[in-house]
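Below is one structure; the comments refer to it alone.
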Amino acid sequence: MQKSPASSISRLTIARPDDWHLHIRDGEMMAAVLPHSAHQFARAIIMPNLPRPVVTSADAAAYRARITAALPQGTDFTPLMTAYLTDHSDATDLIDGHGAGILTAAKLYPAHATTGSQHGVTDIAALYPIFAAMERAGMPLLLHGEVTDRDVDIFDREAVFIERTLVPMARDFPSLRIVLEHITTRQAVDFIDAAGENIAATITPQHLHINRNAMFDGGIRPHAYCLPVAKREGHRIALCRAATSGSAKYFLGTDSAPHLVGAKEAACGCAGIFNAPFALESYIQIFDEAEALENFEAFASLSGPAFYRLPVNEARVTLERAETPVPEQITAAGSHIIPFHAGEVLGWRIAPQL
Ligand code: NCD
Ligand code: ZN
15 MQKSPASSIS RLTIARPDDW HLHIRDGEMM AAVLPHSAHQ FARAIIMPNL
65 PRPVVTSADA AAYRARITAA LPQGTDFTPL MTAYLTDHSD ATDLIDGHGA
115 GILTAAKLYP AHATTGSQHG VTDIAALYPI FAAMERAGMP LLLHGEVTDR
165 DVDIFDREAV FIERTLVPMA RDFPSLRIVL EHITTRQAVD FIDAAGENIA
215 ATITPQHLHI NRNAMFDGGI RPHAYCLPVA KREGHRIALC RAATSGSAKY
265 FLGTDSAPHL VGAKEAACGC AGIFNAPFAL ESYIQIFDEA EALENFEAFA
315 SLSGPAFYRL PVNEARVTLE RAETPVPEQI TAAGSHIIPF HAGEVLGWRI
365 APQL
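Here it is as structure tokens:
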């Protein structure tokens with residue numbers, strides 16, 4: 015869907031953005047995808063859902079060292095590490111890791127909610143002592159906000175999670191700092207708008223661009239499938255309003271989740287959309303169409319650091335209006351990945367550094 019430019023602004027210079035939700039995997043795949051994120055962002059919250067998840071502070075320190083070693087020479091990119099909560103997580107290790115600057119946050123995946131969540135939490139109430147310790151330490155809790163009961167319709171799983179799990183959690187831990195990740199519904203926006211300042215949300219580019227029709231456009235479209243799944247158009251509109259509103263409660267988190275083409279185009283294809291190479295170009299188009307370019311810096315560069323109590327990046331980046339073709343595929347790990355917007359022409363680009 016190409017629309018004409020909504021405003022006459024043709025260049026926008028902002029503090030360098032960060033990605034507050036990113037999957038970069040490990041090994042060969044990491045080597046292929048990491049340069050894309052490092053080009054776009056100064057920092058990223060690194061998701062811990064490796065095949066053997068990042069559970070302890072020691073796991074996170076080792077993973078951080080592998081990421082740093084894989085960065086191209088001279089790249090200015092800081093990985094911010096997270097620990098994957100399990101039924102056996104150790105509160106002392108998490109809080110010590112946070113205090114030592116190894117762990118920025120902890121991530122809660124309800125068991126079997128998504129890719130790599132088979133080790134996730136089966137009984138959220140059993141984690142209450144950990145939440146209490148995190149609340150005291152000011153350590154953010156990042157939520158994959160979907161119930162996993164097979165009797166709940168997949169399109170309702172986020173709304174039901176908010177009602178069943180998040181509302182009681184926010185009541186029981188009134189100062190726990192929570193990020194509801196990759197929100198997809200109007201119910202999530204309503205919850206976040208009404209919640210205290212300690213609760214925020216990330217929004218992905220795909221949930222701003224596509225609704226659930228994209229998964230069935232003339233046939234089954236595995237590259238439009240991620241979790242939480244895209245919802246109806248009314249939800250997409252609510253997300254666009256929230257993202258472009260200038261509210262400090264919504265910030266950028268791509269959920270870029272690379273899977274090789276063979277794992278996506280399969281009888282049981284993986285969930286995940288790889289948007290890292292053109293993430294900023296994708297997001298800014300939404301702000302342009304909403305005539306809200308003046309709020310882009312808050313979403314991309316200011317509200318995330320404010321929530322995480324980190325400084326805004328000193329470096330600046332310019333985005334400029336220019337036709338930007340997105341390739342059909344990106345080479346990775348002896349195969350390729352189909353990126354978000356493959357084959358489309360976006361209306362903005364990151365201005366080349368002079
Ligand atoms: C993510 C992945 O592939 O790791 N997939 C996705 O659809 N978003 C996992 C996740 O964050 O849910
Ligand atoms: Zn994710």
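My numbering numbers the first residue of the sequence shown as 15 and each following residue consecutively. Where a beta carbon is used, it is the ideal one built from N, C-alpha and C, also for glycine.
- Would you mind giving the Cβ-Cβ distance between residue 288 and residue 270, rounded to the nearest angstrom? I have them listed as a contact below 8 Å. Position 274 of the sequence shown, counted from the start, is the residue given in the question as residue 288. Position 256 of the sequence shown, counted from the start, is the residue given in the question as residue 270. Their Cβ separation, rounded to whole angstroms, is 6 Å, which keeps residue 288 and residue 270 in contact under 8 Å.
- Query: What separation, rounded to the nearest whole angstrom, lies between the Cα atoms of residue 309 and residue 253?
  - Reply: Translated into the one-based positions of the sequence shown, residue 309 becomes position 295. Translated into the one-based positions of the sequence shown, residue 253 becomes position 239. One C-alpha to the other measures close to 14 Å.
- Note down the Cα distance separating residue 121 from residue 61, rounded to an integer number of angstroms. Locating residue 121 in the sequence shown gives position 107, counting from the first residue. Locating residue 61 in the sequence shown gives position 47, counting from the first residue. Per the coordinates, the alpha-carbon of residue 121 lies some 8 Å from the alpha-carbon of residue 61.
- Task: Could you pull the start and end residues of the beta strand (DSSP E) that residue 24 belongs to?
- Result: Translated into positions along the sequence shown, residue 24 becomes position 10. From DSSP, residue 24 is part of no beta strand (DSSP E); its letter is neither H nor E.
- Message: residue 111 and residue 74 - do their beta-carbons sit closer together than 8 Å?
- Response: In the sequence shown, counting from the first residue as 1, residue 74 sits at position 60. In the sequence shown, counting from the first residue as 1, residue 111 sits at position 97. Going by beta carbons, residue 74 and residue 111 fall inside the 8 Å limit.
- Message: Rounding to the nearest angstrom, what Cα-Cα distance links residue 328 and residue 167 in this structure?
- Response: As a first step, residue 328 must be located in the sequence shown, where it is residue number 314. As a first step, residue 167 must be located in the sequence shown, where it is residue number 153. When rounded, the separation of the alpha-carbon atoms in residue 328 and residue 167 is 45 Å.
- Query: If you drop the 5 nearest sequence neighbours on each side, which residues of the same chain put their C-beta closer than 6 Å to that of residue 5?
  - Reply: Summary: the structure shown does not reach residue 5, with the chain confined to residues 15 through 368, and so no result is reported for it.
- Measure the C-alpha to C-alpha separation of residue 78 and residue 65 and round it to an integer number of angstroms. Counting from 1 along the sequence shown, the entry for residue 78 is found at position 64. Counting from 1 along the sequence shown, the entry for residue 65 is found at position 51. About 16 Å.
- Message: Given the structure, does residue 97 come close to ligand 1, in the sense that its CB is under 7 Å from one of the ligand's heavy atoms?
- Response: Counted from its first residue, the sequence shown places residue 97 at position 83. For residue 97, the shortest C-beta to heavy atom distance toward ligand 1 is 7 Å or greater.
- Message: Check whether the segment 261 to 270 and the segment 203 to 220 are in contact - that is, three or more C-beta pairs closer than 8 Å.
- Response: At 8 Å Cβ cutoff, the stretches touch.
- Quick one: does the C-beta of residue 75 sit closer than 7 Å to a heavy atom of ligand 2? Here residue 75 is taken as the residue at index 61 of the sequence shown, counted from 1. No; taking the cut-off as 7 Å, the Cβ of residue 75 has no heavy atom of ligand 2 nearer than that.
- Task: Taking 8 Å as the threshold, find out whether the segment 292 to 309 comes into contact with the segment 319 to 326 through three or more Cβ pairs.
- Result: No, the segment 292 to 309 does not touch the segment 319 to 326.
- Message: Tell me the rounded alpha-carbon separation between residue 27 and residue 333.
- Response: Stepping through the sequence shown from its first residue, residue 27 is reached at position 13. Stepping through the sequence shown from its first residue, residue 333 is reached at position 319. Straight-line Cα distance between these residues: approximately 6 Å.
- Query: In terms of residues, what are the limits of the beta strand (DSSP E) holding residue 265?
  - Reply: As a working mapping, residue 265 is identified with position 251 in the sequence shown. For residue 265, the enclosing beta strand (DSSP E) starts and ends at 264 to 266.
- Does the segment 219 to 234 come within contact of the segment 244 to 260, defined as at least 3 CB pairs closer than 8 Å? Contact annotation: the segment 219 to 234 touches the segment 244 to 260, with at least three C-beta pairs closer than 8 Å.
- Query: Which runs of the beta strand (DSSP E), 3 residues or longer, sit entirely within the segment 196 to 280?
  - Reply: The qualifying runs are 213 to 217 and 264 to 266.
- Apply the 10 Å Cβ neighbour rule to residue 101 and answer buried if 16 or more other Cβ atoms are within range, or exposed otherwise. Here the question's residue 101 lines up with position 87 in the sequence shown. Classified as exposed, residue 101 has fewer than 16 neighbouring CB atoms from the shown chains inside 10 Å of its CB.
- Query: Does DSSP classify residue 189 as helix, strand or coil?
  - Reply: Counting from one through the sequence shown, the residue named residue 189 turns up at place 175. Here residue 189 sits in coil by DSSP.
- Query: Quick one: is the Cβ of residue 269 within less than 7 Å of any heavy atom of ligand 2?
  - Reply: Here residue 269 corresponds to residue number 255 of the sequence shown, with the count starting at 1. At least one heavy atom of ligand 2 falls within 7 Å of the beta-carbon of residue 269.
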